[in-house]
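Chains as they are written, first to last, in this note's numbering: chain A, 4 to 360; chain B, 96 to 167. Glycine included, C-beta positions come from ideal geometry on N, C-alpha and C. Heads up, the thing below is written out as structure tokens.
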């Protein structure tokens, strides 16, 4: 299989929400690799290459027999590890009759798969979004297909000043574009953190309705990006002047954890997973419905814009000219990390990230 | 907010602060050297060139984290 060079291999990617995977065969392409998912009768999630070894028929168009997939074309039958246990009309099963299985971790409501060399998969390296499965938070979530390369979504999410223009009236207010930011980059852990702390800001309707705060707010937005896939936006809302206590507790602040998983589907399309977890109004279904509708609207505004941008970029020659300004400081760091990860994933033997000292 | 934010605390953290009310960026290397620019590309180039052109001096201790990272 030829892997496009724009993907970072030897990385964990969110493939689905756990709720999407059941006893029906479920197909999704991750980093150009078609994968079929299902749960065993015991409830364990399984990920196999979605092509029968015989004539490439999609296993997702087949059926389950207990914990085994029976190919819908000629009946080749595979176990949960991808080993063929039955071929039609003969007793000998060819040694090469197996499909690749993918290392898989279910964590924080997500199903993560490892794209790359199996022996390099470390489940402990899956980045965390603990709020999504924390009873102290209520979460709404979804996934929108994006007809654009994943790099455009990374650019988009690393610079929230676009909220003022693309999402005005929802989450954007003038202060978002006019507040200085601090960008921090951990070269060794490969984390990018972009802090934007607004001391006195207008309260956008997205938060006014959900928190009940009237008047202006102290608004913090802290981006924590674990490239390539997991993006966290720690959002803190409080009446103006209300800050966390010195000991770190923050009983008077409202916290919203916005989580995106940026998973390449193909070179020109992306799975845009989004989730919004809050630590207030936990049982208020009206707030849940409002946050879900609002965030989905915002995501779709991004999808519309990025789909247009993808078409423009595809129509232009390589090496098109761009201009980067102060708001792009974090996005530039993300691009550098992604480039490094793509290059590292292409090397036969993985080495630790080089850090100049 | 004019106080410098520091949320990451590894040994190899680069920081770029946008100076309040200006177009200036201040880059702070993990070695403590600082450099000012109005061009993020130029500033990243300077940071990543460490130690070349970095007048290293003892850095001030970073403030305590305001919240824990989600972790990896």
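Specify the secondary structure class of residue i as computed by DSSP and reduced to three states.
{"i": "residue 168/A", "result": "helix"}
{"i": "residue 226/A", "result": "strand"}
{"i": "residue 14/A", "result": "strand"}
{"i": "residue 312/A", "result": "helix"}
{"i": "residue 339/A", "result": "helix"}
{"i": "residue 158/B", "result": "Residue placement at residue 158/B is flagged as unreliable, the pLDDT there being 46, under the threshold of 50; the coordinate-derived value follows with that caveat. Correct three-state label for residue 158/B: coil."}
{"i": "residue 351/A", "result": "coil"}
{"i": "residue 3/A", "result": "Lying before the first or after the last residue shown, residue 3/A is absent from chain A, which here runs from 4 to 360."}
{"i": "residue 234/A", "result": "strand"}
{"i": "residue 301/A", "result": "helix"}
{"i": "residue 189/A", "result": "strand"}
{"i": "residue 319/A", "result": "coil"}
{"i": "residue 327/A", "result": "coil"}
{"i": "residue 293/A", "result": "helix"}
{"i": "residue 205/A", "result": "coil"}
{"i": "residue 23/A", "result": "helix"}
{"i": "residue 221/A", "result": "strand"}
{"i": "residue 288/A", "result": "helix"}
{"i": "residue 167/B", "result": "Because the pLDDT at residue 167/B is just 46, under 50, the model does not fix this residue reliably, and the point stays unresolved."}
{"i": "residue 200/B", "result": "In the structure as shown, chain B begins at 96 and stops at 167. Residue 200/B is therefore absent and cannot be evaluated."}
{"i": "residue 346/A", "result": "helix"}
Using 9 Å as the threshold, is the C-beta distance between residue i and residue j below it?
{"i": "residue 155/A", "j": "residue 316/A", "result": "yes"}
{"i": "residue 68/A", "j": "residue 43/A", "result": "no"}
{"i": "residue 281/A", "j": "residue 259/A", "result": "yes"}
{"i": "residue 283/A", "j": "residue 263/A", "result": "no"}
{"i": "residue 105/B", "j": "residue 189/A", "result": "yes"}
{"i": "residue 111/B", "j": "residue 143/B", "result": "no"}
{"i": "residue 294/A", "j": "residue 213/A", "result": "yes"}
{"i": "residue 105/A", "j": "residue 52/A", "result": "yes"}
{"i": "residue 10/A", "j": "residue 348/A", "result": "yes"}
{"i": "residue 291/A", "j": "residue 143/A", "result": "yes"}
{"i": "residue 119/A", "j": "residue 269/A", "result": "no"}
{"i": "residue 103/A", "j": "residue 121/A", "result": "yes"}
{"i": "residue 99/B", "j": "residue 185/A", "result": "yes"}
{"i": "residue 162/A", "j": "residue 131/A", "result": "no"}
{"i": "residue 28/A", "j": "residue 86/A", "result": "no"}
{"i": "residue 13/A", "j": "residue 192/A", "result": "no"}
{"i": "residue 238/A", "j": "residue 224/A", "result": "yes"}
Tell me whether residue i is buried or exposed, calling it buried when 16 or more other Cβ atoms sit within 10 Å of its Cβ.
{"i": "residue 323/A", "result": "exposed"}
{"i": "residue 99/A", "result": "exposed"}
{"i": "residue 30/A", "result": "exposed"}
{"i": "residue 318/A", "result": "exposed"}
{"i": "residue 273/A", "result": "buried"}
{"i": "residue 114/A", "result": "buried"}
{"i": "residue 88/B", "result": "Nothing about residue 88/B can be read from this structure; chain B reaches only from 96 to 167."}
{"i": "residue 329/A", "result": "buried"}
{"i": "residue 311/A", "result": "exposed"}
{"i": "residue 49/A", "result": "buried"}
{"i": "residue 56/A", "result": "buried"}
{"i": "residue 147/B", "result": "exposed"}
{"i": "residue 1/A", "result": "Because residue 1/A is not part of the residues shown, which for chain A are 4 to 360, the question remains open."}
{"i": "residue 314/A", "result": "exposed"}
{"i": "residue 151/A", "result": "buried"}
{"i": "residue 334/A", "result": "buried"}
{"i": "residue 168/A", "result": "exposed"}
Just to check, is the beta-carbon of residue i closer than 8 Å to a non-hydrogen atom of the ligand SAH?
{"i": "residue 134/A", "result": "In terms of ligand content, the structure shown is empty, and the ligand SAH therefore cannot be addressed."}
Original post:
Going along the stretch 96 to 111 of chain B in order, which residues come within less than 8 Å of chain A, judged by CB to CB distance?
Top reply: Those would be 96, 99, 100, 101, 102, 103, 105, 106, 107, 108, 109, 110 and 111, in chain order.
Original post:
the stretch 180 to 201 of chain A: which residues have C-beta closer than 7 Å to a C-beta of chain B, in chain order?
Top reply: 183, 184, 185, 186, 187, 188, 189, 190, 191, 192, 194, 196, 198 and 200
Original post:
Can you give, in chain order, each stretch of the beta strand (DSSP E) that sits fully within the stretch 100 to 178 of chain A and has at least 3 residues?
Top reply: 107 to 110, 113 to 118 and 141 to 149
Subject >> Ordered list of beta strand (DSSP E) runs contained in the stretch 28 to 115 of chain A, each at least 3 residues >> reply: Runs found: 29 to 33, 36 to 42, 48 to 52, 66 to 68, 71 to 73, 87 to 89 and 107 to 110.
Subject >> Contact residues within the stretch 117 to 144 of chain B, judged by C-beta distance below 7 Å to chain A >> reply: Those would be 118, 120, 135, 136 and 139, in chain order.
Original post:
Which runs of the beta strand (DSSP E) fall wholly inside the stretch 109 to 152 of chain B and span at least 3 residues, in chain order?
Top reply: Runs of the beta strand (DSSP E) inside the stretch 109 to 152 of chain B: 120 to 123 and 129 to 132.
Original post:
In chain order, what residues of the stretch 318 to 339 of chain A put their CB closer than 8 Å to some CB of chain B?
Top reply: If the cut-off is 8 Å between Cβ atoms, the stretch 318 to 339 of chain A has 327, 328, 329, 331, 332, 335, 336 and 339 near chain B.
**OP:** Taking a Cβ distance cut-off of 8 Å, strictly less, list which residues of the stretch 221 to 242 of chain A are near chain B, in chain order.
**Re:** 225, 227, 229, 235 and 237
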